[in-house]
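J.: First, the structure itself, so that you have it in front of you.
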Amino acid sequence: MGFTVPDHEIGRHIVGQLNAPDPAWWDAVAAITCPVLTLRGGPDSFLPQDGIAAMAARFPHGRLVTIPAGHCIHRDAPDAFLEAVRTHLDHAGRSAAPIR
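Residue numbers (my numbering): 705 to 804.
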């Protein structure tokens, strides 16, 4: 894997959205009907844990899983990451309506 030059402009845009999200975005989340998995990396993550929990609680069929691995869960705790994703997909697949 090579090094990618960071795009600071997009980083500023993302931080701006995180710090002051559009209120309409929060309302739109309630309309999402599919199962949603939110993963958080615990206290070592640079994202505020209470903010992640508040966001996850807005999804009607959401599930929040904490894997104490910091921000890069998939890299730093790959087995726990895969287990959480597999469990979510297995459950979502069983509860999904049949495709016609």
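Ideal Cβ placement from N, Cα and C applies to all residues, glycine included.
1. On the CB-based measure, 16 or more other CB atoms within 10 Å of its CB, does Gly-745 come out buried or exposed?
2. Given a cut-off of 8 Å, decide if Gly-774 and Ser-749 are closer than it, judged by their beta-carbon atoms.
3. Determine the closest residue to Ala-734 out of Gln-721, Pro-772, Ala-758 and His-717, with distance taken between C-alpha atoms.
4. Return the CA-CA distance between Glu-713 and Gly-720, expressed in angstroms with no decimal places.
5. Which whole runs of the alpha helix (DSSP H) in the stretch 727-769 are 4 residues long or more, in chain order?
6. From what residue to what residue does the alpha helix (DSSP H) around Ile-714 run?
7. Can you tell me which of Leu-741, Cys-776 and Pro-764 puts its alpha carbon nearest to the alpha carbon of Leu-751?
8. Mind reading off the beta-carbon distance from His-795 to Pro-739? Whole number of angstroms is fine, and I expect it under 8 Å.
T.: Let me lay it out:
1. One-based indexing of the sequence shown puts residue 745 at position 41. Flag for Gly-745 reads buried.
2. The sequence position of residue 749 within the sequence shown is 45, counting from 1. The sequence position of residue 774 within the sequence shown is 70, counting from 1. Going by C-beta atoms, Ser-749 is nearer than 8 Å to Gly-774.
3. Here residue 734 is taken as the residue at index 30 of the sequence shown, counted from 1. For Ala-734, the nearest C-alpha among the options comes from Ala-758.
4. By one-based count along the sequence shown, residue 713 stands at place 9. By one-based count along the sequence shown, residue 720 stands at place 16. One C-alpha to the other measures close to 11 Å.
5. 727-733 and 753-761
6. Along the sequence shown, one-based indexing puts residue 714 at 10. Where Ile-714 is concerned, the enclosing alpha helix (DSSP H) stretches over 712-723.
7. To locate residue 751, count along the sequence shown from 1; it is residue 47. When only C-alpha atoms are compared, the closest one is Cys-776.
8. If you number the sequence shown from 1, residue 795 lands on position 91. If you number the sequence shown from 1, residue 739 lands on position 35. At roughly 7 Å, the Cβ-Cβ gap stays under 8 Å, so His-795 and Pro-739 are in contact.
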